[in-house]
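Just so you know, the sequences run in chain order D and S.
Numbered per my numbering, the first sequence spans residues 841 to 1066.
Numbered per my numbering, the second sequence spans residues 841 to 1066.
Every residue, glycine too, gets a C-beta built ideally from N, C-alpha and C.
Scroll down for the structure; my scribbles are underneath it.
There are 2 protein chains.
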Amino acid sequence: VIVAENVKKDYRSDSVVVHAVRGIDLTIRKGEFTAIVGPSGSGKTTFLNLISGLDTPNGGTVLLNNRNTSSMSGNELSDFRRDNIGFIFQAYNLIPVLNVEENIEYIMMLQGVEKQVRHARVVEILDMMGMKGYERRFPSQLSGGQQQRVAIARAMASEPALILADEPTANLDSGTSTSLLDMMRDLNRETGMTFVFSTHDQHVVDKARRVVILEDGKNVRDEVKE
Amino acid sequence: VIVAENVKKDYRSDSVVVHAVRGIDLTIRKGEFTAIVGPSGSGKTTFLNLISGLDTPNGGTVLLNNRNTSSMSGNELSDFRRDNIGFIFQAYNLIPVLNVEENIEYIMMLQGVEKQVRHARVVEILDMMGMKGYERRFPSQLSGGQQQRVAIARAMASEPALILADEPTANLDSGTSTSLLDMMRDLNRETGMTFVFSTHDQHVVDKARRVVILEDGKNVRDEVKE
Ligand SMILES: Nc1ncnc2c1ncn2[C@@H]1O[C@H](COP(=O)(O)OP(=O)(O)OP(=O)(O)O)[C@@H](O)[C@H]1O
Ligand SMILES: Nc1ncnc2c1ncn2[C@@H]1O[C@H](COP(=O)(O)OP(=O)(O)OP(=O)(O)O)[C@@H](O)[C@H]1O
Ligand SMILES: [Mg+2]
Ligand SMILES: [Mg+2]
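Pasting the structure below:
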C-alpha cells in the first residue's frame, strides 16, 4: 500500500522555483488498476517518482507499506524498489551497452535468480510482448515502440507486487496497446499485481478501474468505476 | 517534391538481416498534410530517415527536388536538410548542454540569422507551443511532453519548406495535440509548408488530408480525403 499525505515537490534552479506537485493526498491499495491522467507538465512523472521512492518530497510524506520514504536510506529505498516495484520510465532508460536479454534480466540477476530461470523468463516475457527472438539485439537496433516494450518487459520480468508505468503506450499502436493492457489486466486479476499508470492514452483510461485526474500538481478528481 | 522509387532498407548485423523497408513507391508533393501510419516496427522511422536523406537506401532511389540522395555528398545532404527540412525525431534528440533557446535557434544560427531576429522567433514559437518563458531551462529540467514540444519548435523555427515529424504527439495530451495540429494545419494552408507525420495517434490521422498505411516495410494503402 502506498499512502501520499499532502505530498509536495518543488524544483529550484537559480531564481526560479517550479511547484511541480502542490499537495497530493492519495492512497493506492493492493490490487488496484489505476490511471493518473493530466496534461503535459501537470506533475505525473514527478508524482510517480515520489511514490516509488526514486525522489523524496519537499513537503508531506510518502509511506511505502507504512515506512516513510524520507526516513529510509538510499540503499533501503533501492532494495525496497528492487524487490517490490517494477518502474517503466517515460524515456525507457534502457542500458545501451546491454542487449535486450541483459536489460530484461538485470533485476533478477541482482536478486540472485539462476541463469536458466532468468533466460526462460526473458523468453516468456518477450513472447508476451510480441518480440520473440529479439534477445540479442541492442536498444539502438530497435524501433521506438520496440524499445518501449523492452522497458515494460524489464519492469515485469521479476514479477514485482507493484508496477508504476509512466506513459507505457506512448509509442505503441492501438493493437499493441490494447493487447498489452489486456495482458496486464489479466495479471492484475489473476495475481493481484497492482498497476498505476501515468497516461494520456484513452486506451489505458478505458481499461483502468480507477482514474485520478491531475491538474497543476494537484489531484482534482478521483473516480472508481465498477 | 520527394519521390521514393522502390525504396528498400536492410539492417545487417552478424548473421541477421532485417528488411525494414521492402520496396516503397511514394511521391510527396508540395503542400501536402500527410500521415504515415503503421504498427510498431513497420518501418515508419526508417522511411522518414530515407526521404530526408539522413539515411540512404540499399535499393531503389530517393529524389529530393529531382536530386538523387545516393549521389549527394554528406555535406550536400546536410546543407539541403538545414535549408529545406525540419526534422522532429521520435526521441527528440535535444542537445542536453544547450538550453531551450539555444536548441531552438541552432539551425537559424547555422544560416547566419541575426541574434535579435533569432531571439524574437524563439519567443514567438515557444508561445505557440504553450511554453512561454521556458527559454533558459535545460532539457533535463523539462517534462517528457515539454521536451517533445521544444523538439517541434526547433524544427519549425527556421520555417523550412518541409516538416518531417516522427510521432510528434506521443507524449502530448489530447488538448495539446489538437492545438498543435490545428496550428500546423493553419501554417500549411497559409504558407504551403508541407507536413509528413509518422504516427499512431488518431488525432493526427483525423487532421491529415492523405493517409498512407505501412505494413512490414511496404505501403499497402494510400487514401486522399477531400
Ligand atoms: N539499427 C537497426 N538495426 C537493426 N534493426 C533495426 C534498426 N533500426 C530499426 N530496426 C528494425 O527495423 C524495423 C523497422 O524499424 P522502424 O524504427 O523503422 O519502425 P517504426 O515503424 O518506426 O516503429 P515504432 O512505431 O515502434 O517507432 C524494426 O523491426 C526494427 O527492429
Ligand atoms: N528537473 C526539473 N527542474 C525543473 N523543473 C522541472 C524538472 N522536472 C520537471 N519540471 C517541471 O515540473 C512540472 C511537472 O513535470 P512532470 O515531468 O512531472 O510533468 P508530466 O505530467 O509528467 O508531463 P508530461 O506529460 O509532459 O510528461 C513541469 O512544469 C516541468 O517543467
Ligand atoms: Mg511525464
Ligand atoms: Mg519509429
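Considering residue i, what are the terminal residues of the beta strand (DSSP E) in which it resides?
| i | result |
| --- | --- |
| Gly926(D) | Ile925 to Ile928 |
| Arg862(S) | Val856 to Ile868 |
| Ile947(D) | Per DSSP, Ile947(D) belongs to no beta strand (DSSP E); it is in the alpha helix (DSSP H), Val940 to Leu950. |
| Ala875(D) | Phe873 to Val877 |
Quick check on the burial criterion: 16 or more other C-beta atoms within 10 angstroms. Buried or exposed for residue i?
| i | result |
| --- | --- |
| Asp1062(S) | exposed |
| Ser998(S) | buried |
| Ile947(D) | buried |
| Val1044(D) | buried |
| Ser1038(D) | buried |
| Gly926(S) | buried |
| Asn915(D) | exposed |
| Gly985(D) | buried |
| Arg976(S) | exposed |
| Met949(D) | exposed |
| Val1060(S) | exposed |
| Pro1008(S) | buried |
| Val861(D) | buried |
For residue i and residue j, I'd like the C-alpha separation in whole angstroms.
| i | j | result |
| --- | --- | --- |
| Phe978(D) | Asn939(D) | 4 Å |
| Glu945(S) | Glu845(S) | 34 Å |
| Ile868(D) | Ile842(D) | 5 Å |
| Val856(S) | Gly973(D) | 11 Å |
| Asn1011(S) | Gly878(D) | 11 Å |
| Lys1047(S) | Ser1017(S) | 11 Å |
| Leu904(D) | Val1052(S) | 48 Å |
| Glu1030(S) | Met1023(S) | 11 Å |
| Asn1028(S) | Asp923(D) | 52 Å |
| Met968(D) | Lys884(S) | 23 Å |
| Glu954(D) | Asp895(D) | 31 Å |
| Thr901(S) | Asp1026(D) | 47 Å |
| Met912(D) | Asn943(D) | 27 Å |
| Arg1050(S) | Gly871(S) | 11 Å |
| Asp865(S) | Arg852(D) | 52 Å |
| Ile965(S) | Thr886(S) | 28 Å |
| Ala875(D) | Val1036(D) | 6 Å |
| Lys1065(D) | Gly1015(S) | 24 Å |
| Asp1056(D) | Pro1000(D) | 30 Å |
| Asp1013(S) | Val847(D) | 24 Å |
| Leu917(D) | Thr909(D) | 7 Å |
| Leu1020(S) | Gly1032(D) | 40 Å |
| Gln1074(D) | His859(D) | Examination of residue 1074(D) is not possible in this model, given that chain D is present from 841 through 1066 alone. |
| Tyr932(S) | Met996(D) | 26 Å |
| His1040(D) | Leu1004(D) | 15 Å |
| Asn906(S) | Ser983(D) | 30 Å |
| Ala960(D) | Val937(D) | 22 Å |
| Asp854(D) | Asp854(S) | 50 Å |
If you check the beta carbons only, do residue i and residue j fall under 8 Å apart?
| i | j | result |
| --- | --- | --- |
| Lys1058(S) | Gly881(S) | no |
| Gln951(S) | Asp1006(S) | no |
| Asn889(D) | Asp850(D) | no |
| Leu1002(S) | Thr1034(S) | yes |
| Arg994(S) | Met971(S) | no |
| Ile992(D) | Ile891(D) | no |
| Leu934(D) | Gln987(D) | yes |
| Gly893(S) | Phe873(S) | no |
| Val962(S) | Glu941(S) | yes |
In this structure, does DSSP put residue i in helix, strand or coil?
| i | result |
| --- | --- |
| Tyr851(S) | strand |
| Ala844(S) | strand |
| Ile1053(S) | strand |
| Lys1058(D) | strand |
| Val990(S) | helix |
| Glu1063(S) | strand |
| Arg922(S) | helix |
| Val1036(D) | strand |
| Arg958(S) | helix |
Hey, could you find the ends of the alpha helix (DSSP H) residue i is sitting in?
| i | result |
| --- | --- |
| Ala1005(D) | Careful: Ala1005(D) lies outside any alpha helix (DSSP H), inside the beta strand (DSSP E) at Leu1002 to Asp1006. |
| Val902(D) | From DSSP, Val902(D) is part of no alpha helix (DSSP H) but of the beta strand (DSSP E) over Gly899 to Leu904. |
| Val1045(S) | Gln1042 to Lys1047 |
| Ser911(D) | First-last for Ser911(D): undefined, no H or E at that position. |
| Ser1019(D) | Ser1014 to Thr1031 |
| Ser983(D) | That residue, Ser983(D), is in no alpha helix (DSSP H); it is neither H nor E in DSSP. |
| Ser892(D) | Lys884 to Ser892 |
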